[in-house]
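Participant: In the working numbering, the protein residues as written are 14 to 260.
In this text, a Cβ means the ideal position worked out from N, Cα and C, and glycines have one as well.
Dumping the structure here so I can ask a few things about it.
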Amino acid sequence: MESKDVRLKVNLDEPDVIIRVDVIQDEIYVGLDTTGDDALHKRWYRVYQHPAPLNTAIASAMIRMAKWKPDKILFDPMCGGGTIPIEAALMAKEIPIGKNREFAFFKLFGRMEPEYKEKRIDMEIYGMEKFKKHVLGAMKNAEEAGVSDVIKFFRGDATSLKLDFTPDIIITNPPYGLRIGSKRIIEDLYDGFLKSLRNNMEDGTIVVITAEYDILKEKAMFYGYEIKEEIDVRYGNLNTKIFNMVY
Ligand SMILES: C[S@@+](CC[C@H](N)C(=O)[O-])C[C@H]1O[C@@H](n2cnc3c(N)ncnc32)[C@H](O)[C@@H]1O
């Protein structure tokens, strides 16, 4: 006002530019919000909404923890809407995850689409799921993401695996029992899954996120899995853990 003699317009409901100010003890941080209100984990490909989808940022962190590379066979035996297989395929094909989204800085500098060249690369990624509805949904999401050529989705039961491939790396997000409401069902599921996996995998890495970490840990130890890493993740209102295991 003083320098320009005009009062700058402020729109608190739909601002073009958000300036964030944090005061931490005796320091002030002033920053331009380039992202906007849409969280970075949001993706364009979720055309099928699974009732309990995994946060895509957590899915990619799990893929990195497992040190998966496209020369390893990746398998998610409880894949729901397919987030883990899809995030892995996007990573390997080097498809930018910010594709088709809005950023706050577009309002300042104009819309910019990431320039990229999709990497053509052979890989084997499998997603299995108990319910047909979710299998079909995962296929739709993979199609939308542009990765349906490298992921095979199929129906099956994680407690009685009958695989015609031998996975190197398992990354999965099993049910926690919140909707199911019975610990017994979760105990049987985790027990059956870890037991069945032993017969279908020679050696390898298993990365799992669950809020029922005591049950998972007990079963993993019982079946001789070695827990390499255990990371606490506050996920929404839930305390969860990611286990990185081998056997
Ligand atoms: C937490 S959800 C996974 C969500 C998924 N990560 C996503 O982002 O869409 C767990 C999934 O495991 C499936 N499931 C439960 N029991 C199973 C079993 N015995 N075998 C295979 N899938 C199972 C459920 O149907 C559900 O879709």
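Which runs of the alpha helix (DSSP H) at least 4 residues long sit entirely within the region 141-191? Give them in chain order.
Facilitator: For the region 141-191, whole alpha helix (DSSP H) runs of length 4 or above, ordered along the chain, are 145-158.
Participant: Give a single yes or no on whether A155 has its beta carbon closer than 7 Å to a heavy atom of ligand 1.
Facilitator: Position 142 of the sequence shown, counted from the start, is the residue given in the question as residue 155. A155: no, Cβ never under 7 Å from ligand 1.
Participant: Judging by CA-CA distance, which residue of K146, Y61, I76 and P64 is the nearest neighbour of T218?
Facilitator: For the purposes of this step, residue 218 is identified with residue 205 of the sequence shown, where counting begins at 1. The shortest Cα separation from T218 among K146, Y61, I76 and P64 belongs to I76.
Participant: Go through its chain and collect everything with a Cβ distance to K120's Cβ below 7 Å, but skip five positions before and after it.
Facilitator: Counting from one through the sequence shown, the residue named residue 120 turns up at place 107. Excluding sequence neighbours, K120 sits near D29 and V30.
Participant: Would the C-beta of G237 count as close to ligand 1, meaning under 7 Å from any of its heavy atoms?
Facilitator: One-based indexing of the sequence shown puts residue 237 at position 224. Outside the cutoff, so no.
Participant: When burial is assigned at 16 or more other CB atoms within 10 Å of the CB, is K106 buried or exposed?
Facilitator: For this step, residue 106 is matched to residue 93 along the sequence shown. Flag for K106 reads buried.
Participant: Heavy atom of ligand 1 less than 7 Å from the Cβ of G217, yes or no?
Facilitator: Position 204 of the sequence shown holds residue 217. No, ligand 1 has no heavy atom inside 7 Å of this Cβ.
Participant: What is the C-beta distance between M141 and F178, in whole angstroms, given that I count them as a contact (C-beta under 8 Å)?
Facilitator: What you label residue 141 is simply residue 128 of the sequence shown in a count that begins at 1. What you label residue 178 is simply residue 165 of the sequence shown in a count that begins at 1. Going by Cβ atoms, the distance from M141 to F178 rounds to 11 Å, so no, they are not a contact pair.
Participant: Residues in the same chain with beta-carbon distance under 6 Å from F206, minus the five sequence neighbours each way, listed in chain order, please.
Facilitator: Translated into positions along the sequence shown, residue 206 becomes position 193. Only A171 and T172 meet the Cβ criterion.
Participant: Within the region 55-131, note down every full beta strand (DSSP E) run reaching 3 residues or more, in order along the chain.
Facilitator: List check, beta strand (DSSP E) in window: 87-89.
Participant: Considering R197, what are the terminal residues of the alpha helix (DSSP H) in which it resides?
Facilitator: Start at 1 with the first residue of the sequence shown, and residue 197 comes out as number 184. Note, R197: alpha helix (DSSP H), K196 to R211.
Participant: Let me know if L45 comes out buried or exposed under the rule of 16 or more other beta-carbons within 10 Å of its beta-carbon.
Facilitator: Indexing the sequence shown from 1 puts residue 45 at position 32. Counting Cβ neighbours within 10 Å, L45 comes out exposed, since fewer than 16 surround it.
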